[in-house]
Amino acid sequence: MSRSSTLLACLVVPTLLAATACTATKSGSDSGGDSSGPVKIGLVTKTDTNPYFVKLRESAKAHAGTQNAEVIAVAGKFDGDNEGQVAAIENLVQQGVKGILITPSNSTGILGALKQAKEKGVLVIALDTETDPKDAVDATYATNNVTAGELQGKYVKATLGQTPPKLLLMDGTPGGTVDEQRHRGFLQGMGLKDGAPEILGAAPTNGDQNKAQAAMENLLQRDASVNAVYTLNEPAARGAVAALTAKGLAGKVAVGSIDGGCQGVADVKAGKYLATVMQFPKKMAEQGVDAVVAFSKDGTKPSGFQDTGAQLITDKPLPGLDSKDTAWGAQNCWG
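Mapping of the sequence shown onto mature numbering (1 follows the signal peptide of the UniProt record, and there is no 0): residues -18 to -1, 1 to 317, in sequence order.
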């Protein structure tokens, strides 16, 4: 088997443990920044099944193909798999990547691996999720997740009008940066604080539809007087709505979400939930790839937080809130 075939075999192995066991001997002419071959870019996402990260991966690979670059994509086994992401980073460094683009499952759980990668001259860029501290990476390309949560919260609050909220929270992964930021932003938009009596209950969903449905079913068994629901992302929203529908509460509860995927926009159009906040992972991926390619050419490093935007999508606009309808959403979903 040729070296390139060996590397390909390594990349298609479905588990991180298998992927990290695959290494290939590299000649000096096959380094990540050598002009004789494509620039190697590592991409580490939280999972490889969530549609959002699928889009991020597809966009990065497609754009790299236009920039004389190739993306080696790996992922955690689940949202919160810090050990898997650490193993992926170490393996990518061994493969000679020039830069690593990463969506950290836990902003602090991978700091040691990121530091080692940077010490070996690898450009490290966070996509979608900030690290803590922020300077653990060279730059971040992401949605302002506090803003995204706040947009959802403001819309749900405006929908309720003068009706006091009876709120359930479909949270993400405990300790996750994005999860905390969106949760905090939503409550700010609602004008509430953690522990407020208006909050009937909360549960982690890990951004997973099945877990969200089970969590919502459990919460509804305790109290079905809910009139508003926060959801971390659109898979969580679909799970929550399925549980509400089974309980006869569909259309009676103000549900918002965040992601802005094409399926999510279609869900809003169909009335499954009232609004979603669109993110732009394609932009994140393309800008990240461009940054690594530029670094490989002349050593230019990006820095700081680059806000890739957030847009409220709904077919029921409300005064004082900037929004786009689902027709616009369908044209721009995950652009």
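Where a beta carbon is used, it is the ideal one built from N, C-alpha and C, also for glycine.
Given this structure, state the Cα-to-Cα distance separating ALA194 from VAL223, to the nearest angstrom.
What you label residue 194 is simply residue 212 of the sequence shown in a count that begins at 1. What you label residue 223 is simply residue 241 of the sequence shown in a count that begins at 1. So the alpha carbons of these two residues sit roughly 9 Å apart.
Unbroken beta strand (DSSP E) runs of length 3 or more, entirely within the segment 60 to 104: which are they?
Listed in chain order, they are 81 to 84.
Just checking ASP110 against the ligand SAM - is the residue's beta carbon closer than 7 Å to any of the ligand's heavy atoms?
Absence of the ligand SAM from the depicted structure is noted, as is the absence of any ligand whatsoever, leaving it without description.
What are the partner residues of MET198, as DSSP defines its beta bridges?
Your numbering for residue 198 matches position 216 in the sequence shown. DSSP output for MET198 lists no bridge partner at all.
For ASP153, does the three-state DSSP call read helix, strand or coil?
To locate residue 153, count along the sequence shown from 1; it is residue 171. Looking at ASP153 - three-state DSSP - the assignment turns out to be strand.
With distances taken from CA atoms, which of ALA236, THR213 and GLN269 is nearest ILE107?
For the purposes of this step, residue 107 is identified with residue 125 of the sequence shown, where counting begins at 1. The shortest CA-to-CA distance from ILE107 to any of ALA236, THR213 and GLN269 is the one to GLN269.
What separation, rounded to the nearest whole angstrom, lies between the Cα atoms of ASN127 and THR145?
On the sequence shown, position 145 is the one that residue 127 refers to. On the sequence shown, position 163 is the one that residue 145 refers to. Distance between ASN127 and THR145, taken at the CA atoms: about 27 Å.
Count the other CB atoms within 10 Å of the CB of ALA178; is the residue buried (16 or more) or exposed (fewer)?
Sequence index remark: in the sequence shown, residue 178 carries index 196 (1-based). Flag for ALA178 reads exposed.
In whole angstroms, give me the CA-to-CA distance for THR125 and VAL237.
The sequence position of residue 125 within the sequence shown is 143, counting from 1. The sequence position of residue 237 within the sequence shown is 255, counting from 1. Approximately 21 Å between the Cα atoms of the pair.
Could you tell me which residues DSSP puts in a beta bridge with ASP307?
Counting from 1 along the sequence shown, the entry for residue 307 is found at position 325. For ASP307, which the question treats as bridged, DSSP gives no partner whatsoever.
Should the segment 60 to 74 be called in touch with the segment 279 to 299, which here means at least 3 C-beta pairs below 8 Å?
no
Between THR85, LYS234, THR258 and GLY233, which lies nearest to GLN245 when the distance is taken from Cα to Cα?
Mapped onto the sequence shown, residue 245 falls at position 263. Answer by Cα proximity: THR258.
Among all the DSSP beta bridges, which residues are the ones paired with LEU294?
Here residue 294 refers to the residue found at position 312 when the sequence shown is read from its first residue. The partner list for LEU294 (beta bridge, DSSP) reads VAL259 and SER305.
How many angstroms separate the CA atom of THR227 from the CA atom of LYS234?
Counting from 1 along the sequence shown, the entry for residue 227 is found at position 245. Counting from 1 along the sequence shown, the entry for residue 234 is found at position 252. If I take the Cα positions, the gap works out to 10 Å.
Mind checking whether LEU93 and ALA55 have CB atoms under 8 Å apart?
For the purposes of this step, residue 93 is identified with residue 111 of the sequence shown, where counting begins at 1. For the purposes of this step, residue 55 is identified with residue 73 of the sequence shown, where counting begins at 1. Not a contact, by the Cβ cut-off of 8 Å.
Just checking my contact of PRO86 with GLN98 at CB under 8 Å: how many whole Å lie between their CB atoms?
Looking up residue 86 in the sequence shown gives position 104. Looking up residue 98 in the sequence shown gives position 116. Not really, about 15 Å apart at Cβ, beyond 8 Å.
Going by DSSP, what residue range makes up the alpha helix (DSSP H) through ASP161?
Stepping through the sequence shown from its first residue, residue 161 is reached at position 179. ASP161 -> alpha helix (DSSP H) spans 159 to 172.
If we count the other Cβ atoms within 10 Å of its Cβ and call it buried at 16 or more, is SER285 buried or exposed?
Locating residue 285 in the sequence shown gives position 303, where the first residue counts as 1. Result: exposed.
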